[in-house]
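Q: Just so we're aligned: the sequence shown equals residues 163 to 515 in the numbering used here.
Don't be surprised by glycine CBs; every beta carbon is placed ideally from N, CA and C.
A quick note: this is a predicted structure, and the numbers were derived from the prediction, not measured.
Got a structure for you, written out below as structure tokens; questions coming shortly.
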Amino acid sequence: MFDIGFFMRCNELKKRLARGEIKDRKYIIAGLEEFRSKKHVVYNIETTNACNMKCKMCPRTTMMTRKVATMDSDLFRDIVDQIEPHSPELWSEWESFVLQEYGIPKNAMSENHFFLYIIPRVMQLHGYGDPLLDKNMAEYVGLLTSRGIPSYFSCNPANINVEKTIEIFKNGLDYIKYSIESVEDESHKQIRGAASDFTESYRKIVQLLEIKKKMNYKTTIIITMIDLNRKTQEEEFMLLSKAFEGLDVYIYLKSEDQQWYRQDFHGTKSIHWSEFCKHPWMSMTIKSNGEATMCMEDFDNEIILGDARNERLYNIWNGDKYKRFRLDHINLTKGIKCSERCDMKMVGDFLPQ
Numbered sequence: 163m164f165d166i167g168f169f170m171r172c173n174e175l176k177k178r179l180a181r182g183e184i185k186d187r188k189y190i191i192a193g194l195e196e197f198r199s200k201k202h203v204v205y206n207i208e209t210t211n212a213c214n215m216k217c218k219m220c221p222r223t224t225m226m227t228r229k230v231a232t233m234d235s236d237l238f239r240d241i242v243d244q245i246e247p248h249s250p251e252l253w254s255e256w257e258s259f260v261l262q263e264y265g266i267p268k269n270a271m272s273e274n275h276f277f278l279y280i281i282p283r284v285m286q287l288h289g290y291g292d293p294l295l296d297k298n299m300a301e302y303v304g305l306l307t308s309r310g311i312p313s314y315f316s317c318n319p320a321n322i323n324v325e326k327t328i329e330i331f332k333n334g335l336d337y338i339k340y341s342i343e344s345v346e347d348e349s350h351k352q353i354r355g356a357a358s359d360f361t362e363s364y365r366k367i368v369q370l371l372e373i374k375k376k377m378n379y380k381t382t383i384i385i386t387m388i389d390l391n392r393k394t395q396e397e398e399f400m401l402l403s404k405a406f407e408g409l410d411v412y413i414y415l416k417s418e419d420q421q422w423y424r425q426d427f428h429g430t431k432s433i434h435w436s437e438f439c440k441h442p443w444m445s446m447t448i449k450s451n452g453e454a455t456m457c458m459e460d461f462d463n464e465i466i467l468g469d470a471r472n473e474r475l476y477n478i479w480n481g482d483k484y485k486r487f488r489l490d491h492i493n494l495t496k497g498i499k500c501s502e503r504c505d506m507k508m509v510g511d512f513l514p515q
């Protein structure tokens, strides 16, 4: 989830900033702080950073040095005890805002629809690991469902265990995303590593769709392909779309995140990656070891803003470390990941230096 209230409240300020109408740092600091809710909103809980894939576009493959950890189940439950879903009234206001500001209806199917209608309302249960490798995932989904909090995670279809996945569906998972880069096994392995494939993954997804329909489970199965700027990218996505034609899936071509890592910037069609970064004011990320970090893209936990193992989320969100971090985004502080190894613009990028 993220704070849709903050997103809406800062909308006019965002537009003025983009037009170069605001020059005063103190005005920006005061405005963003006024719009920021003192009640924390958690974007994602990375329950594990274990992964058996070797994806060439993921910094986990070649750069991540933090230890592999799986979150203690008591900690997960404690975190969930501290979060709440958006109210129906606020969500209704958000849907009207999205339609008016971005022209995207709630029954669409696209990259930006996914960001604006799905991501804001769900608890995301992945980070730099595969949730299917966490034996507690079905229990976690059930806990969130019992609290009225929608749930979602992205995973590698090669790791599908049909029986365990059906248990997760039964417990109320709202969305599951499978990332597929080719309809040919060898091509898929070249991108995501030897443990990946298409043929067996496709068979299992079709089986899950059949069981889901029979049992009337509500889980939406999402299929994505990442736009890696390949010469055959359009053809690859067309073949993937054809493979799932007529099946009950939500499918789209996804812009590549964090292109700085491959030094191959080829643009984005994502609203999220086109606007200035709002995460310091609208969302919190909790990693598998309990550390609260700047966002899910902090693969090595370089910017630690608190520790959920011994701090309340409210205190972390309103603490001095977060205050300094927000100022870092406005002042373009050098030497931190946000200013040197991220594709997203910071607020300070729109202010005179």
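Using DSSP with H/G/I as helix, E/B as strand and the rest coil, what is I373?
A: I373 falls in the helix class under three-state DSSP.
Q: Closer than 8 Å is the cut-off here; do at least three beta carbon pairs connect the segment 311-324 with the segment 361-376?
A: Short answer: they touch.
Q: Could you give the DSSP three-state label for G193: helix, strand or coil?
A: Looking at G193 - three-state DSSP - the assignment turns out to be helix.
Q: According to the neighbour-count rule (16 or more other Cβ atoms, all chains shown, within 10 Å of its Cβ), is G497 buried or exposed?
A: Exposed is the call here.
Q: Bridge partners of Q286, per DSSP?
A: For Q286, which the question treats as bridged, DSSP gives the partners N206, Y314.
Q: Which residue's Cα is closest to the Cα of M446: Q262, I245, C217?
A: Checked all of Q262, I245, C217; the closest Cα to M446 is I245.
Q: Report the residue ranges of all beta strand (DSSP E) runs contained in full by the segment 405-452; include only those spanning at least 3 residues, in chain order.
A: Those beta strand (DSSP E) runs which fall completely within the segment 405-452 and span 3+ residues are 412-417, 446-448.
Q: Going by beta-carbon coordinates alone, are L194 and C220 separated by less than 9 Å?
A: No.
Q: Which one of K440, I311, I207 has the shortest CA to CA distance from D511?
A: Selected option, being the one with the closest Cα: K440.
Q: Once the 5 residues before and after R228 are set aside, which same chain residues still bring their CB inside 6 Å of it?
A: Around R228: D462, N463.
Q: Among residues of its own chain, excluding the 5 on either side of H434, which ones have a beta-carbon nearer than 6 Å to its beta-carbon?
A: Taken in chain order, the residues that qualify are F277.
Q: Exposed or buried, what is Y189 when buried is set at 16 or more other beta-carbons lying within 10 Å of its beta-carbon?
A: Burial call: exposed.
Q: Let me know the beta strand (DSSP E) ranges lying completely inside the segment 206-244, each 3 residues or longer, listed in chain order.
A: Segments of the beta strand (DSSP E) lying fully in the segment 206-244: there are none.
Q: Specify, as a first and last residue, the run of the alpha helix (DSSP H) that Y337 falls within.
A: Element bounds for Y337: not the alpha helix (DSSP H) but the beta strand (DSSP E), 337-341.
Q: Under a three-way DSSP split, which group does D469 fall into?
A: If DSSP states are grouped into helix, strand and coil, D469 belongs with the strands.
Q: On a Cα-Cα basis, can you pick out the residue from Y290, S258, M456, S249 that is closest to M226?
A: The residue with the shortest Cα to Cα distance from M226 is Y290.
Q: Should P282 go down as buried or exposed, given a rule of 16 or more other Cβ atoms within 10 Å for buried?
A: Buried is the call here.
Q: Span of the beta strand (DSSP E) holding T529?
A: Not covered by the structure: residue 529. The range shown for the chain is 163 to 515.
Q: Which residues bound the alpha helix (DSSP H) around G510?
A: Premise fails: G510 is in no alpha helix (DSSP H) and is neither H nor E.
Q: Check whether the Cβ atoms of E273 and K431 sit closer than 9 Å, and answer yes or no.
A: Yes, they are a contact pair.
Q: Cα-Cα, which of A356, M271, K416, S254 is closest to G167?
A: Comparing Cα-Cα distances from G167 to each of A356, M271, K416, S254, the minimum goes to S254.
Q: Could you give the residue range of the alpha helix (DSSP H) that holds S344?
A: S344 -> no alpha helix (DSSP H), and no H or E assigned at all.
Q: E407 and L390: beta carbons closer than 9 Å?
A: Contact flag unset, no.
Q: Of all the options N269, K483, F238, P442, which has the alpha carbon lying nearest to the alpha carbon of G304?
A: Answer by Cα proximity: F238.
Q: Can you check which of these residues, L513, I478, C457, is closest to C504 by C-alpha distance?
A: Of the listed residues, the one whose Cα sits closest to C504 is C457.
Q: Go ahead and label H275 buried or exposed: buried means 16 or more other beta carbons lie within 10 angstroms of its beta carbon, across all protein chains shown.
A: Buried.
Q: Tell me A454's beta-bridge partners as DSSP assigns them.
A: Answer is I448, G468, bridged to A454.
Q: Beta-carbon separation of M299 and N206 under 9 Å?
A: Taking 9 Å as the Cβ cut-off, M299 and N206 do not qualify as a contacting pair.
Q: For F461, does the three-state DSSP call read helix, strand or coil?
A: Coil at F461, not helix or strand.
Q: Taking all protein chains shown into account, do 16 or more other C-beta atoms lie within 10 angstroms of the C-beta of G334, making it buried, or fewer, making it exposed?
A: Classification for G334: buried.
Q: For the alpha helix (DSSP H) that R486 lies in, which residues bound it at each end?
A: That run of the alpha helix (DSSP H) goes 482-493.
Q: Hey, R178 and N493: beta-carbon distance below 9 Å or not?
A: Result no, Cβ atoms of R178 and N493 do not sit closer than 9 Å.
Q: Considering only residues of the same chain and omitting the five flanking positions on each side of F331, which have a CB-CB separation below 7 Å?
A: Result list for F331: K374, Y379, T381, in chain order.
Q: For L287 and N480, what's the separation of their Cα atoms in angstroms?
A: Each residue's Cα considered, the two are about 23 Å apart.
Q: Pick out whichever of K507, R474, K483 has its Cα sitting closest to the Cα of D243.
A: It is R474 whose Cα lies nearest to the Cα of D243.
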